[in-house]
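Just below is one structure, and these are the notes that go with it.
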Amino acid sequence: MKRILLPTDFSENSLNAVCYALEFFKGKSMEFYFLNVQKASEFISSDIYTASAMDSTIYATVASDNKEQLQELVNEYSKKYASEAYVFEGIFDFDVFIDAVEQTIHSKNIDLVIMGTNGATGAAEVIFGSNTLKVIRNIQIPVLVIPENYKYTTFSSLLFTLKEEDDFHPDALLPIAEMVKGRNVALQVLQLDTHKEVPKNSVFKEFSSIEYHAMEGVPTPAAVSSFEQLLPVDMHVIFIHPKSFFQRLFSGTDTPQLSYESRVPLLVLK
528 MKRILLPTDF
538 SENSLNAVCY
548 ALEFFKGKSM
558 EFYFLNVQKA
568 SEFISSDIYT
578 ASAMDSTIYA
588 TVASDNKEQL
598 QELVNEYSKK
608 YASEAYVFEG
618 IFDFDVFIDA
628 VEQTIHSKNI
638 DLVIMGTNGA
648 TGAAEVIFGS
658 NTLKVIRNIQ
668 IPVLVIPENY
678 KYTTFSSLLF
688 TLKEEDDFHP
698 DALLPIAEMV
708 KGRNVALQVL
718 QLDTHKEVPK
728 NSVFKEFSSI
738 EYHAMEGVPT
748 PAAVSSFEQL
758 LPVDMHVIFI
768 HPKSFFQRLF
778 SGTDTPQLSY
788 ESRVPLLVLK
């Protein structure tokens, strides 16, 4: 895991996710890509009609401002993390948000997307609540979602939730192994209405210990939330597939709100 995509609308929430990522991967050689996406139709409004050469000037004006902000991010974090083996690049795109994300994943060979739970700009296409769900539903690489105002402090305990219908190849868990390698991390497996165990493979040699906890007859959001309160963890991992555990965590296919509000970063694997 080396190349990280960090979508940003420059909101406090998205920049908090950036800060988490940079702190989390300290000591590793990493490439970070800041992606800012704007949908052209949002800027066709009365206050912009004064611009000359409509077709090109509007885009150039918006692009120039956002590219400047991206470069400021690159400069700021390059200076702040000068002692780390980090490489930064800013990417600006006029496109549908999820299309821009997918294109960047392919062009930059991205390993992981890290983003905030929701944004603060108020513009329809840059609200991270809806965009985060779009990314989770549509892309095929891991996504790490950072709760609002959550700060990286330590990474010593990881929660992995299992349901009876969860059926996956052990290799799907390789991203976890890469994230915990070289760290002293305990794995807590929460079994919901199942006695299924995590498939044994080399992935789990990276953990300092593995403990299983079973809960039955409790709605998924309540079970996970209760567990996080009783036994604090630093990250929650779920594996999703169509009509799976993911659908029970989120309140609806067309609703950008979480019915389960994670207190810790949520890593979504596929």
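Numbers 528 to 797, taken from my numbering, label the letters of the sequence shown in order. Glycine included, each C-beta is placed from N, C-alpha and C at the ideal position. Predicted, not measured: the structure shown is a model, and the values here were computed from it.
Length of the line joining the Cα atoms of residue i and residue j
i	j	result
Glu652	Leu597	The predicted model places Glu652 with a pLDDT of 36, which falls under 50 and marks its position as unreliable; any figure quoted below should be read in that light. Going by the C-alpha atoms only, they are around 18 Å apart.
Met528	Asn676	25 Å
Lys661	Pro534	12 Å
Gln630	Val672	20 Å
Gln565	Ser752	35 Å
Asp536	Asn593	9 Å
Cys546	Asp622	25 Å
Asn602	Lys555	20 Å
Val716	Val795	15 Å
Phe772	Lys607	Any reading at Phe772 is ruled out, since the residue's pLDDT is 45, under 50, leaving its predicted position unreliable.
Phe552	Ser610	13 Å
Ala584	Asp620	The sequence shown places Thr at residue 584, not Ala. The alpha-carbon atoms of Thr584 and Asp620 are separated by roughly 15 Å.
Asn563	Phe624	9 Å
Val707	Phe682	8 Å
Lys770	Thr688	Interpretation of Lys770 is limited by its pLDDT of 49, a score under 50 that renders its predicted location unreliable; no figure is taken from the coordinates.
Glu544	Lys635	It should be noted that the sequence gives Ala, not Glu, for residue 544. Those two C-alpha atoms are separated by around 20 Å.
Val640	Pro702	12 Å
Phe766	Val670	11 Å
Glu558	Val614	5 Å
DSSP state of residue i mapped onto helix, strand, coil
i	result
Thr631	helix
Tyr604	helix
Asp698	helix
Ile767	coil
Ala650	With a pLDDT of only 40 at Ala650, under the threshold of 50, the placement of this residue in the model should not be trusted, and no figure is reported.
Phe772	For Phe772, the predicted model reports a pLDDT of 45, less than 50, meaning its position is unreliable; a value from the coordinates is still stated below. The answer is helix: DSSP assigns Phe772 an H, G or I state.
Ser778	Because Ser778 carries a pLDDT of 44, less than 50, the predicted location of this residue cannot be relied on, and no value is offered for it.
Arg790	coil
Where the alpha helix (DSSP H) containing residue i begins and where it ends
i	result
Ser736	Per DSSP, Ser736 belongs to no alpha helix (DSSP H); it is in the beta strand (DSSP E), 736-742.
Glu550	539-551
Glu755	747-757
Sheet register partners of residue i (DSSP bridge)
i	result
Pro534	Leu562
Lys690	Leu719
Ala587	In the DSSP output, where bridge partners are listed per residue, Ala587 has none listed.
Ser684	Ala713
Gly554	Gly554 is not bridged to any residue.
Met706	DSSP output for Met706 lists no bridge partner at all.
Met528	None, per the DSSP bridge assignment.
From the options, residue whose alpha carbon lies closest to that of residue i
i	options	result
Leu700	Phe561, Glu675, Asn676, Phe734	Phe734
Asp761	Tyr679, Ala612, Ser610	Tyr679
His722	Leu639, Tyr739, Arg530, Pro748	Tyr739
Lys732	Thr747, Pro697, Tyr613	Pro697
Lys690	Ile663, Asp720, Glu558	Asp720
His763	Asn711, Leu685, Ile531	Leu685
Arg530	Phe682, Pro759, Phe766, Ile668	Ile668
Gln756	Val791, Val730, Val745	Val791
Glu595	Gly617, Ala612, Ser605, Tyr604	Gly617
Ser736	Tyr613, Ser541, Leu714	Leu714
Thr644	Ala587, Leu542, Thr659, Met742	Thr659
Pro759	Ser789, Ala741, Leu549	Ser789
Glu599	Val712, Val745, Phe561	Phe561
N- and C-terminal bounds of the beta strand (DSSP E) containing residue i
i	result
Tyr613	613-621
Ile673	670-673
Val795	793-796
Met642	639-643
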